[in-house]
Amino acid sequence: MCIRDSLYTPQKVCLTEVMKRSEAARYARWSAAAAVLLALATIAVYLQHGFLARLQRKGAPPAAPQNVERQSAGLAFSKMEGDRKVFTVEASKSTEFRNQDGNLLEEVKITIFGKHSERNDTIRTHSCKYTKANGTIFCSGTVQIDLQTAAEAELAKKRTGTGAAAPVSHVETRSVSFEQATGTAHTDQPVTFAFPAGTGQATGVEYNSEAGTMKLLRDVNMKLIQSGGPKSKGADKVLIHGASLDFNRDTRILHLIGPAHAESSAAKLDAGEITLNLDEDYRAEKLLATAGAQGSKPRVVSSAATAPMKLTANNLTASFDAAGWLKKLDAAGSVNGSRHTANEDDDFASDNASVDLWPEFDEPKQINLNGSVVVKTKAKNGESRLLETSKLRMEFTAPTESDAARPKRAETLAAGTVQWIDAAGSGGTSAGPGSRTKLQAEKFVVGFVAGTAKQLAATGSVQAQREIPGNEAQIATASRGLAQLIPAGGWSQLELQDHVKLKQGDRSGQADRAVAVRAAQTMTLMGQAVVRDAATETHAANIIFMQATGDIRAEGGVRSTASPSKGAAPQFAAVPANITAEKMQANAKTGRALYSGHARLWQGESVLESDSIELLQKEKQLNAAGNVRAVFPQAVNRDPGILPASNKTAKRAALWHLAAETLTYQELENRAHLERNVVVQSDAERMRSAILDIYFTRTGQPGTPGKPSNGPAGAQQISRAVGTGGVVVQEQNRKATAERAEFTAADGKFVMSGGNPTLFDGVQGTTTGRQLTFFLADDTIIVDSENGSRTLTKHRVEK
0 MCIRDSLYTP QKVCLTEVMK RSEAARYARW SAAAAVLLAL ATIAVYLQHG
50 FLARLQRKGA PPAAPQNVER QSAGLAFSKM EGDRKVFTVE ASKSTEFRNQ
100 DGNLLEEVKI TIFGKHSERN DTIRTHSCKY TKANGTIFCS GTVQIDLQTA
150 AEAELAKKRT GTGAAAPVSH VETRSVSFEQ ATGTAHTDQP VTFAFPAGTG
200 QATGVEYNSE AGTMKLLRDV NMKLIQSGGP KSKGADKVLI HGASLDFNRD
250 TRILHLIGPA HAESSAAKLD AGEITLNLDE DYRAEKLLAT AGAQGSKPRV
300 VSSAATAPMK LTANNLTASF DAAGWLKKLD AAGSVNGSRH TANEDDDFAS
350 DNASVDLWPE FDEPKQINLN GSVVVKTKAK NGESRLLETS KLRMEFTAPT
400 ESDAARPKRA ETLAAGTVQW IDAAGSGGTS AGPGSRTKLQ AEKFVVGFVA
450 GTAKQLAATG SVQAQREIPG NEAQIATASR GLAQLIPAGG WSQLELQDHV
500 KLKQGDRSGQ ADRAVAVRAA QTMTLMGQAV VRDAATETHA ANIIFMQATG
550 DIRAEGGVRS TASPSKGAAP QFAAVPANIT AEKMQANAKT GRALYSGHAR
600 LWQGESVLES DSIELLQKEK QLNAAGNVRA VFPQAVNRDP GILPASNKTA
650 KRAALWHLAA ETLTYQELEN RAHLERNVVV QSDAERMRSA ILDIYFTRTG
700 QPGTPGKPSN GPAGAQQISR AVGTGGVVVQ EQNRKATAER AEFTAADGKF
750 VMSGGNPTLF DGVQGTTTGR QLTFFLADDT IIVDSENGSR TLTKHRVEK
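In numbering that gives the first Met the number 0, the protein residues as written are 0 to 798.
If you want it as structure tokens, here you go:
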């Protein structure tokens, strides 16, 4: 189809041609637009490249100085021994300088593997100078050193992302020099360090990569954090100070060179050297304190307010459990210590000692002292005690939140000695200052109630010795013993059992049981009790030794035997004297013995009974009082020439029976003095008087010329008797009275005198005179009157 192109154009235009020209114009416009876009894109790319180039030029490092020989990135080199790496040095950049033997390394990391590839220690810093000639690397800036084993490094990789960290020891310092040849890094600058158990600081450090050791050179201060500590306080801090420190990362041993000092909330420790062993988790496992080269013996002081304690020894070892609690303390070599409480002060010494503690409380559980153990205790009242043994163990109760551990049992594991020393003013429980009680046994066991010692049990070869100044020592032995203790630290009563033996001066005793009472200063033997001295032996139910006064009391079935050969009073015969009574009291110093309660004495043919019998050994005297009854033999002369002519037959000794209220016998005078209601009676005669003196003659050996010999050799026999005060003599049907009567055994006669001597005879009647003499052997009476002497009668009297 065609149309006219214009009204003014006569030509005709076809529609198809018009359409073709329109499309061509549109394509031309699109092409122009695309060209513009391409041009803009090209310009943008060029602008971008220019901008990037500018940025790169701006961020590029400055041009190398003129003295720089070469710069490189990613430097790394290693020291090898065979096929093993000893260490590797890595740096992000290395700069080599002209005419200088050294490189500048940046972002340096040194990884140390050790000779056996057991380590994985790293040293990091920003820049170091590397000297080619000797292989030394010097880092002037801040240097960080991390110490860990290869196993710990592997563990750290496994724990990545879990939040759990492997144990690493970290050190930070400056100006570190690392020598490739020796694998040693060192500095003299201040150092800070941290490891899983704590932190610290020092001056100067020396690290040996081959040995895996680090040494802090000077002024070491550490703070250890123990998860354990007093339960009420939780974790405990231990502050440690020393001159230098050696740390072996492989063995986890810290060796502090002293003078060293460690301090916690519970105690302080000073020593020449301290060695601390750490476990696999770097918690304190064992601490060893020694004198070291400084020669300063370890000394620990507890800070407990109730009972502070000090302890010194050649070596001190503290052991900790996995939770960090102190579980044991060992002391070895010349152990000395002290402990102070409100009531007493203790000092102790031994060759070795160990203390087991209750976990979580730092309170003692058990204490063991071994070798030459000496424990001295001084109470506030001045009294003291001393324990000596070779082994001692002490157990304590379990502590609680409100109560501390208290002693509950103490025992010696070997023979020992306990000694108490009294002081003045001890409340009536002491004999005075200087008095001592010593107890020895094969084993001691102390029982406690509420932390206070109550009883001390002794077993095996027990010996108790009591000494009072100015008095004889008292020593007792037995198989077993039990002492009752008092809060002040002394004892109140001591009981000994089984095969008891006692010695005091020249006296000894024995019994089944013995009880010593400190306040009364007595020792009582009970059960088949026997006491002996040089002259006597006494049996009784109970025998009491009163040490302070020297008195001895016996009670219940008292029976004594006195030897005449030892000078014991009396000596009525050359045989032992036997005495029985309900009670007896004797004094070793004065030599006095008083028997009371149905007292009875017999010796040979002589017998004496009374309410009481008193023997005075030094004075050689016997006193009897109260209902005195006595029997003494009368001497009979066997010499026919002395007997009256009408009686030539020798007679045996007659026995005199005496009664009185009192009797006194003087051994040195061979005389017995009787008073008050005196009655004397033989087979045929009887005499009463107010006072009677009897004189004895001691028999000689049988057959001795000129001496009486009827009776045992050395026996006392009545040779003469003198009665005064209303004397009455009776013989069968005869009775004589006078103020005085004297009997002579040698010739068997009575001489009556004084007052108005009178003789009453049922056959002969009454005879009086100034003096009457009559013979018992016959009926002869001699009357002495103003008209002279005459014989009244003379005939045989049948007996």
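Each residue gets a CB set at the ideal place from its N, CA and C atoms; glycine is no exception.
For clarity, every value in this text was computed on a predicted model and none was experimentally measured.
Distances from the alpha-carbon of Arg697 to those of Gly603, Val529, Ser71, Ala397 put Gly603 closest. Per DSSP, the beta-bridge partners of Gln770 are Ser752, Asp783. Between Ser93 and Ser71, the gap from beta carbon to beta carbon is short of 8 Å.
Per the C-alpha coordinates, the member of Gly590, Asp511, Val461, Ala515 positioned closest to Ala533 is Gly590. Going by beta carbons, Gln770 and Asp783 fall inside the 8 Å limit. Taking 4 residues as the minimum length, the region 325-397 contains no alpha helix (DSSP H) run wholly inside it. Partner residues in a beta bridge of Pro195, as assigned by DSSP, do not exist.
In the DSSP assignment, Lys453 falls within the unbroken beta strand (DSSP E) covering 451-466. If you draw a straight line from the Cα of Ala201 to the Cα of Lys236, it is about 18 Å long. Where Leu657 is concerned, the enclosing beta strand (DSSP E) starts and stops at 654-665. Between Met213 and Arg248, the C-beta spacing is below 8 Å.
Shown here, Ala634 sits in coil according to DSSP, grouped into three states, outside any helix or strand.
In its chain, beyond the 5 residues on either side, Ser609, Asp610 have a beta carbon closer than 7 Å to the beta carbon of Asn626. When secondary structure is reduced to three states using DSSP, Glu151 falls in the helix class. With 16 or more neighbouring CB atoms inside 10 Å of its own CB, Glu272 falls in the buried class. Distance from the CA atom of Gly488 to the CA atom of Trp419, rounded to whole angstroms, is 9 Å.
Straight-line spacing of the CA atoms in Glu382 and Asp421 works out to 5 Å.
Restricting attention to beta strand (DSSP E) runs no shorter than 3 residues, the region 535-619 encloses them at 535-545, 550-561, 576-586, 591-602, 605-615, ordered along the chain. Per DSSP, Arg739 is one residue of the beta strand (DSSP E) stretching across 733-743. Val167 and Thr148 have their C-alpha atoms roughly 9 Å apart. In this structure Thr560 is not in contact with Phe544, their Cβ atoms being roughly 19 Å apart against a cut-off of 8 Å. Taking each of Thr476, Asn470, Glu666 in turn and checking the Cα distance to Gln546, the smallest one comes out for Asn470.
A Cβ-Cβ separation of about 7 Å places Val417 in contact with Leu455 under the 8 Å criterion.
Beta-bridge partners assigned by DSSP to Pro406: Phe395.
The continuous beta strand (DSSP E) containing Glu684 extends over residues 684-697.
One Cα belongs to Thr388, the other to Asp120, and the distance between them is close to 54 Å. In this structure the region 273-284 does not lie against the region 305-314, because fewer than three pairs of beta carbons, one per stretch, are closer than 8 Å. Of the candidates Glu106, His656, Thr340, the residue whose Cα lies closest to the Cα of Arg687 is His656. With 16 or more neighbouring CB atoms inside 10 Å of its own CB, Lys296 falls in the buried class.
Nearest to Gln680 by C-alpha distance, out of Leu667, Arg670, Ala659, is Ala659. In this structure, the straight-line span from the alpha carbon of Glu741 to that of Ala553 is close to 40 Å. The DSSP assignment places 67-80, 83-96, 102-111 as complete runs of the beta strand (DSSP E) inside the region 67-114, in order along the chain (cut-off: 3 residues).
Between Val299 and Val88, the alpha-carbon positions lie close to 47 Å from each other. Arg479 and Leu614 have their C-alpha atoms some 36 Å from each other. Note that the C-beta distance between Ala689 and Leu662 is not below 8 Å. Taking all protein chains in view, the Cβ of Pro468 is surrounded by fewer than 16 other Cβ atoms within 10 Å, so the residue is classified as exposed.
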